[in-house]
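J.:
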Amino acid sequence: MKVVGFVGSPRKGGNTDVLVQQVLDGAVEAGADVEKFYINEMDFKGCQGCNYCRAVDACKLDDDMQKAYDALKKADGFVFGSPIYFFQFTGQMRQFIDRCWALVNPDFTPRIDGGKKAVVVGAQGNPEQGAFQSVFDEFSQILQMFGMDVKGTFVDVGHHAPGEVKENAELMGQAKTAGSQLFD
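Numbering-wise, the sequence shown is residues 1 to 184 according to full-length UniProt numbering.
Now the structure itself:
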């Protein structure tokens, strides 16, 4: 089993990164090999709208997204994480999502095998648990369009400083359990 984490936060060691790592740690305990991508450190441009990927099963841009495409095609499970910045996922995560258009056929079927497992994590300063639920629901729909089974969404609320999520022992435990039970 291979599980790949994608961190859409620009802050290494931030709350989103900590939650992604918790899920990955749980997956390791269950015997998975893991890998983590920090989207902010990847070198790639946004979708150019050139439609090259509509005619060819590839993106015309030869950049770090090629590594992400490879991971998305080959891994069995995923952890996608992004904090909420100004009512939406980070710009880094949005750009990553847009570039995944190259993994969709012209008839809107996915170019990756279905049945992969996914967990979504996030962080938001707003203390209201459901304040941005629509953002997480929309992203889950994208993953479901790719044939992924979304096993859970875990969101840290009300924290701002990097690593504060560690104070939420219940959420940390839930994230780790999600990783250990990803393939159950």
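Built from N, CA and C at the ideal position, the CB exists for glycine as well.
Relative to the alpha-carbon of aspartate 70, which residue among Gly13, Met1 and Leu103 has its alpha-carbon at the smallest distance?
T.: If we check each option's Cα against that of aspartate 70, Leu103 comes out closest.
J.: Is the beta carbon of valine 120 less than 8 Å from the beta carbon of phenylalanine 87?
T.: Result no, Cβ atoms of valine 120 and phenylalanine 87 do not sit closer than 8 Å.
J.: Consult DSSP for phenylalanine 146 and reduce its assignment to one of helix, strand or coil.
T.: Coil, per DSSP.
J.: Work out the CA separation of glycine 179 and phenylalanine 73 for me, nearest whole Å.
T.: The residue asked about is misnamed: residue 73 is lysine in this sequence, not phenylalanine. Roughly 19 Å separates the two Cα atoms.
J.: List the endpoints of the continuous beta strand (DSSP E) containing phenylalanine 80.
T.: Residues 77-85.
J.: In three-state terms, what does DSSP make of valine 20?
T.: It is helical.
J.: Taking three-plus beta-carbon pairs below 8 Å as touching, is the stretch 123-143 in contact with the stretch 51-69?
T.: Output reads no: the stretch 51-69 does not touch the stretch 123-143.
J.: With asparagine 15 and histidine 159 assumed to form a contact (beta carbons below 8 Å), what rounded beta-carbon distance in angstroms separates them?
T.: Yes, they are in contact, since the Cβ atoms of asparagine 15 and histidine 159 sit about 6 Å apart, within 8 Å.
J.: Kindly indicate which residue of Gln95, Ala27 and Lys2 has the alpha-carbon position closest to the one of glycine 49.
T.: Minimum Cα distance to glycine 49 is reached at Gln95.
J.: According to the neighbour-count rule (16 or more other Cβ atoms, all chains shown, within 10 Å of its Cβ), is alanine 68 buried or exposed?
T.: Burial call: buried.
J.: Opposite glutamate 164 in the DSSP bridges: which residues?
T.: DSSP lists no partner for glutamate 164.
J.: For the beta strand (DSSP E) that contains aspartate 33, what are its first and last residues?
T.: Run containing aspartate 33: 33-38, per the beta strand (DSSP E) assignment.
J.: Determine the DSSP secondary structure at lysine 60, reduced to helix, strand or coil.
T.: Correct three-state label for lysine 60: coil.
J.: Identify, in the order they occur along the chain, each residue of the same chain with its Cβ nearer than 7 Å to the Cβ of lysine 166, setting aside the five sequence neighbours on each side.
T.: Result list for lysine 166: Val18 and Met172, in chain order.
J.: Where does residue 202 fall in DSSP's three states?
T.: Outside the shown range of the chain, which is 1 to 184, sits residue 202, and nothing can be said about it.
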